[in-house]
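So the structure is just underneath, and the comments pick up after that.
Chains as they are written, first to last, in my numbering: chain F, 533 to 1000; chain Y, 1462 to 1533.
What follows is the structure, given as structure tokens:
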């Protein structure tokens, strides 16, 4: 691929000016030079100013004609001055410049930004800015009618909807993305949905939002059993831990079901025993869905994973098995990656896509393919996990020659088969276990606290005698 | 800590399933006390097919649990 072709691809992706507000503020200035082609950052640890960045560009000879690959420059700034602007303006047009301002924007900085004349410029502000400033920035950085700025909303209070209305009035084609990072924003979400102009809204939920240990967690909503309402009939795409859901009810249901599965695991269980337990549970619960596989294959369809539906149907294909394994092991504190052969970086040219997992036990990595384990156990081809070449296996023993490109990227070991047998024997005794964990008690206390907060009328209604 | 005889039954049921770490916070003589005052005619079992918080407990049971686990 020539640089020109790559540049065209990149320009297609970059032609939307983006305004992001407000998200976290980095602690120091950071400058990175990023290769789009290889999606990697050139480390620039010693850089103190944008001048130094320019030196790095010289050192790396970022000349696309030489390298036949484009780079773009990401500049994260807590402060910038005339010199910064001058340097950015001097950069070759083949370098894409993404300016990320990490703190609040004032008029002085705004005026400096207005002096930027570099052609390939993308702007993001991680601090707060008022609506007038957003309006001015959009006017400055919008070069065509197609350019629609994106505002990321990540804190929702009772007044947020007014700001959305104002922005929509003043900025043509404005788009919104919602990032939920705290329980309060989640509870206020419904107040802004009707005011967002798009019919389909992407809501990214923080990975930790339902984790009891996360200070701003929203477990109360799960305990309350009241979902965030979507009274406006807009389509919600909720993204949580890289998996998409159509409603918050689905998300809460999933969390509740995961808790039931976890309720048999003692707190002193080893990582091996937990992984064994999850796989044995999956063997007993899930089946491979050949109809879905055939449909996916025929339509080249890899629709998003919905684990709530996977649990309720009890059937799915490899991406569901691998997605579920990652979700539950993550929630149990075990390091687990989902490896996906459809990922471009892992793609081999002549085999069908597949998903499986990589787990880490005491610092050592192992492959695990629960799809095939479930299938082979259910068909009687193997009779124990220790027999399986898909359970905690090494590069050499893993039962898939056709995924060498993925497998070769890791150095996995083979877990001692006798220990797996011993683990299985321990875990099958857990069925008589029902363990009340600290989190279960906390949830119970929350439910009780909510109950005593009820109004007098609600409490009277609760107390009316009725048949149970 | 005074506990009613019905609440004692619920508390014993909960304590039976507590994680070993949580169990350490329960004084041994407290379990013996609950056992001595429990209402044997009160039949109570945790429904293990639903999350704990969806089970119905006497308010007194929750209050006692909160006293036993003030840090949760």
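Here a beta-carbon is modelled for each residue, glycine too, at the ideal position from N, C-alpha and C.
Using a C-beta cutoff of 9 Å, does residue 958/F count as contacting chain Y? no
Which class does residue 1471/Y belong to by DSSP, given the choice of helix, strand or coil? helix
Could you give the C-beta distance for residue 793/F and residue 813/F, rounded to a whole number, given that I count them as a contact under 8 Å? 6 Å
Please confirm if the region 897 to 907 of chain F is in contact with the region 960 to 979 of chain F, defined as three or more CB-CB distances below 8 Å between the two stretches. By the Cβ test, the region 897 to 907 of chain F is not in contact with the region 960 to 979 of chain F, since fewer than three Cβ pairs between them sit closer than 8 Å.
Can you tell me the Cα-Cα spacing of residue 1508/Y and residue 886/F, whole angstroms? 39 Å
For residue 639/F and residue 700/F, what's the separation of their Cα atoms in angstroms? 22 Å
Select from 904/F, 796/F, 935/F the residue whose C-alpha is nearest the C-alpha of residue 873/F. 935/F
Compute the distance between the beta-carbons of residue 811/F and residue 902/F, then report whether it is under 9 Å. yes
Alpha carbon to alpha carbon, how far is residue 1495/Y from residue 771/F? Give it in angstroms, no decimals. Approximately 47 Å, taken between the alpha carbons.
Along chain Y, in chain order, which residues have C-beta atoms closer than 7 Å to that of residue 784/F? Here the premise fails: no neighbours, minimum Cβ distance about 11 Å.
What residues in the region 791 to 817 of chain F have a beta carbon less than 8 Å from any beta carbon of chain Y? Residues of the region 791 to 817 of chain F with a Cβ closer than 8 Å to any Cβ of chain Y, in chain order: 791, 792, 795, 798, 799, 800.
Tell me whether the beta-carbon of residue 685/F lies closer than 9 Å to the beta-carbon of residue 696/F. Yes.
CA-to-CA distance, residue 733/F to residue 864/F, given in whole angstroms: 30 Å
Going by DSSP in three states, residue 950/F sits in which element: helix, strand or coil? helix
Do residue 707/F and residue 730/F have their beta-carbon atoms positioned less than 9 Å apart in this structure? In contact: residue 730/F and residue 707/F (Cβ atoms closer than 9 Å).
Starting from residue 683/F, follow the beta strand (DSSP E) in both directions and report where the run begins and ends. 682 to 685
Can you list, in chain order, the residues of its chain with a C-beta nearer than 7 Å to that of residue 979/F? Leave out the 5 residues immediately preceding and following it. 755
Taking the Cβ atom as the reference point for each residue, do residue 655/F and residue 645/F lie within a distance shorter than 9 Å? In contact: residue 655/F and residue 645/F (Cβ atoms closer than 9 Å).
Could you check what DSSP says for residue 930/F in three-state terms: helix, strand or coil? coil
Taking Cβ-Cβ distances shorter than 8 Å, what residues in chain F pair up with residue 1514/Y? 755, 972, 975, 976, 978, 979
According to DSSP, is residue 776/F helix, strand or coil? strand
Which stretch, first to last residue, makes up the alpha helix (DSSP H) that contains residue 896/F? Residue 896/F -> not in any alpha helix (DSSP H); beta strand (DSSP E) instead, spanning 896 to 900.
Below 9 Å on C-beta distance, what does residue 985/F contact in chain Y? Within 9 Å Cβ-Cβ: nothing; residue 985/F doesn't reach chain Y, min ~13 Å.
Return the CA-CA distance between residue 976/F and residue 1513/Y, expressed in angstroms with no decimal places. 7 Å
Rounded to a whole number of angstroms, what is the C-alpha to C-alpha distance between residue 1517/Y and residue 997/F? 15 Å
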